């Protein structure tokens with residue numbers, strides 16, 4: 001049996017290839033990982049989050065970016081595509097293409113069955129290496145539930161959980177609020193959820 005040799009890429013080779021590609025791939029220490037498509041619910045939640053946060057950030061020195069903005073985690077040579085990312089005053093990018101953000105303040109991941117364990121575990125550990133990151137949100141796809149991790153001044157993370165369509169998540173670092181009813185608007189939820 002012949003094994004396919006692994007091809008290791010430099011970050012520069014990855015970025016060149018990724019900017020030409022029709023599909024998205026993440027990069028971790030020389031390896032490339034193809035990304036799967038998202039469900040209708042995932043896309044609706046993402047659109048709702050961009051709309052709600054974008055409206056609240058209109059007159060503030062922050063911007064919200066959807067899943068096409070890459071984030072570089074320099075300490076582990078990783079490029080990733082968060083579902084949503086927010087950067088504030090002093091946004092820094094890798095190069096003149098301005099498609100790789102270096103200093104996100106808030107990262108949001110929308111959970112799916114195939115990514116939930118990774119988003120909660122190793123991916124969150126990787127995101128914690130970003131000194132600029134203050135808030136990490138995990139948004140459920142199938143029930144109105146948002147989990148928020150907030151970095152405190154001593155470097156530890158505070159956990160909070162929000163349930164139900166009337167719940168409100170306050171993201172103090174960017175002075176924004178998320179009412180779950182707005183985030184789950186037009187999302188097909190199980191009938192037992194009210």
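Numbering (full-length UniProt numbering), first residue to last: 1 to 194.
Glycine included, each C-beta is placed from N, C-alpha and C at the ideal position.
The structure presented is a predicted model; accordingly, all values stated were derived computationally and were not measured.
Using CA atoms only, rank isn't needed, just tell me which of the options is closest to residue i.
i: residue 105; options: 113, 119 and 171; result: 171
i: residue 158; options: 22, 186, 137 and 19; result: 137
i: residue 19; options: 68, 166 and 31; result: 68
i: residue 189; options: 173, 115 and 165; result: 165
i: residue 156; options: 125, 169 and 163; result: 125
i: residue 54; options: 88, 113 and 70; result: 88
i: residue 70; options: 11, 185 and 162; result: 11
i: residue 103; options: 130, 185, 123 and 58; result: 130
i: residue 56; options: 173, 17 and 163; result: 173
Given that a residue counts as buried once 16 or more other Cβ atoms are within 10 Å of its Cβ, and exposed if not, what is residue i?
i: residue 75; result: exposed
i: residue 61; result: exposed
i: residue 44; result: buried
i: residue 48; result: buried
i: residue 133; result: buried
i: residue 21; result: exposed
i: residue 175; result: exposed
i: residue 153; result: exposed
i: residue 109; result: buried
i: residue 118; result: exposed
Would residue i and residue j be called neighbours here (beta carbons separated by less than 8 Å)?
i: residue 84; j: residue 91; result: no
i: residue 94; j: residue 72; result: yes
i: residue 26; j: residue 35; result: yes
i: residue 24; j: residue 81; result: yes
i: residue 39; j: residue 141; result: yes
i: residue 146; j: residue 127; result: no
i: residue 177; j: residue 187; result: no
i: residue 63; j: residue 86; result: yes
i: residue 160; j: residue 148; result: yes
Write down the C-beta distance between residue i and residue j rounded to the nearest angstrom, noting that I regard them as a contact closer than 8 Å.
i: residue 150; j: residue 139; result: Rounded, the Cβ-Cβ distance is 15 Å, inconsistent with contact.
i: residue 111; j: residue 144; result: So it is not a contact: roughly 13 Å between Cβ atoms.
i: residue 29; j: residue 77; result: 5 Å
i: residue 52; j: residue 182; result: 5 Å
i: residue 32; j: residue 15; result: No, residue 32 and residue 15 are not in contact; Cβ-Cβ is about 11 Å, not under 8 Å.
Check: Considering only residues of the segment 37–72, which uninterrupted beta strand (DSSP E) runs meet the minimum length of 3 residues and lie entirely inside it, listed in chain order?
Finding: Here the runs fully enclosed are 62–65.
Which parts of the segment 75–118 are runs of the beta strand (DSSP E), unbroken and 3 residues or longer, counting only runs that do not cross its ends?
78–80, 84–88 and 106–110
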